[in-house]
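S.K.: What follows is a single structure, and I will ask about it in a moment.
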Ligand code: ADP
Ligand code: MG
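In the UniProt record's numbering, the protein residues as written are 18 to 290.
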């Protein structure tokens, strides 16, 4: 596996106020196959620090796979992928890329928070215990400090009164907000969301999107896969439409949602709008 030079397509330049900020995620020609199935066929995307990027695209277009590559859960086959200037899975030394050891990969992963479609909380732990687990186990944060911070985070997601509740006692929207608090407890520099509201009853979607909107307002860098077009329009700095393992087009929400350049984007939007 050599992360060589990608197809060299022009990088998508994110619009807006953060132009010029350093890249938090930079993908150039990222390819990934599973057996004979080439799922990512040269992804080009740049998300700057402090930006919110929304990834749209039909089922099977490679959105989850791309997030998993960013989060070290899949290895890319070709192209370049860097988070905060560091090549994913590698360290650059003496002008060469050296593969990271498992422990180093684990350390890098602690800097990225991920929230999935299914709230995968630990069922046998309270909300508070879910949130303190990683800081205590991974970062060796003293329990008192971790609990204090966890209470702040639960308060931030509107669940101060649910600290001692078990996941089964919480609604889907509340569980997903605990999952967000849990990811934030590691002080990530980047948050990835993979269809965080798709498994929720419609009346619970808003409370999760509200928390995400707050987080964006606080300057968190976020890559969000969602079909919530309203959220994209309101919160995203950058919208990327993916199809067939490539980013078909990127731009501001106004550009991509308001006047898409590609027929594939138009056709997709006509189905979800
Ligand atoms: P999306 O999130 O856009 O729906 P995915 O990234 O989940 O798309 O999947 C893209 C394609 O890759 C699908 O055809 C899926 O079946 C396939 N795929 C994803 N993960 C694996 C895997 N671990 N092994 C084999 N095929 C996979
Ligand atoms: Mg997916």
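We treat Cβ as the ideally placed atom computed from N, Cα and C, and that holds for glycine.
Does DSSP put residue 24 in a helix, a strand or coil?
M.R.: Its pLDDT being 37, under 50, residue 24 is placed unreliably in this model, and the value from its coordinates should be taken loosely. DSSP places residue 24 in coil when its eight states are reduced to three.
S.K.: Exposed or buried, residue 7, counting other C-beta atoms within 10 Å across all chains shown (16 or more means buried)?
M.R.: Here the chain comprises residues numbered 18 to 290, so residue 7 is not present and cannot be evaluated.
S.K.: Would residue 236 pass as a contact of residue 60 if the rule is Cβ separation under 9 Å?
M.R.: No, the Cβ-Cβ distance between residue 236 and residue 60 is not below 9 Å.
S.K.: Are the CB atoms of residue 206 and residue 129 within a distance shorter than 9 Å?
M.R.: Cβ distance < 9 Å, so residue 129 and residue 206 count as in contact.
S.K.: With residue 55 as the anchor, note down where its beta strand (DSSP E) starts and where it stops.
M.R.: Its beta strand (DSSP E) spans residues 54-65.
S.K.: Along the alpha helix (DSSP H) that carries residue 165, what are the first and last residues, could you check?
M.R.: Residues 160-173.
S.K.: Where residue 247 and residue 256 are concerned, what is the direct C-alpha to C-alpha distance, given to the nearest angstrom?
M.R.: When rounded, the distance between both Cα atoms is 12 Å.
S.K.: Quick check on the contact list: which residues have their beta carbon closer than 5 Å to a heavy atom of the ligand ADP?
M.R.: That gives 51, 56, 76, 77, 78, 79, 80, 81 and 82.
S.K.: Anyone know if the C-beta pair for residue 209 and residue 132 falls short of 9 Å?
M.R.: Yes; because the gap between Cβ atoms is below 9 Å, this pair is in contact.
S.K.: Whole beta strand (DSSP E) runs in the stretch 201-256 with 3 or more residues, listed along the chain?
M.R.: Fully enclosed beta strand (DSSP E) runs of 3 or longer: 207-211 and 239-242.
S.K.: Can you tell me whether DSSP reads residue 31 as helix, strand or coil?
M.R.: At residue 31 the pLDDT is 42, less than 50, meaning the model places this residue with poor confidence; the figure from the coordinates comes in the next sentence. Correct three-state label for residue 31: coil.
S.K.: Just tell me which of 100, 232 and 112 has its CA closest to the CA of residue 127.
M.R.: Considering only alpha carbons, the answer is 100.
S.K.: Could you tell me the boundaries of the alpha helix (DSSP H) in which residue 151 lies?
M.R.: Note, residue 151: alpha helix (DSSP H), 144-154.
S.K.: For the beta strand (DSSP E) containing residue 282, list its first residue and its last residue.
M.R.: From DSSP, residue 282 is part of no beta strand (DSSP E) but of the alpha helix (DSSP H) over 280-289.
S.K.: Judging by CA-CA distance, which residue of 167, 42 and 51 is the nearest neighbour of residue 68?
M.R.: The shortest Cα separation from residue 68 among 167, 42 and 51 belongs to 42.
S.K.: One question on the structure: do residue 259 and residue 112 come within less than 9 Å of each other, judged by their Cβ atoms?
M.R.: No, the pair does not count as a contact, with Cβ atoms beyond the cut-off.
S.K.: Terminal residues of the continuous beta strand (DSSP E) containing residue 100?
M.R.: Run containing residue 100: 95-100, per the beta strand (DSSP E) assignment.
S.K.: Can we say the stretch 148-159 touches the stretch 197-206, given the rule of at least three CB pairs closer than 8 Å?
M.R.: The stretch 148-159 vs the stretch 197-206: in contact.
S.K.: DSSP has residue 194 in a bridge; who is on the other side?
M.R.: Answer is none; residue 194 lacks a bridge partner.
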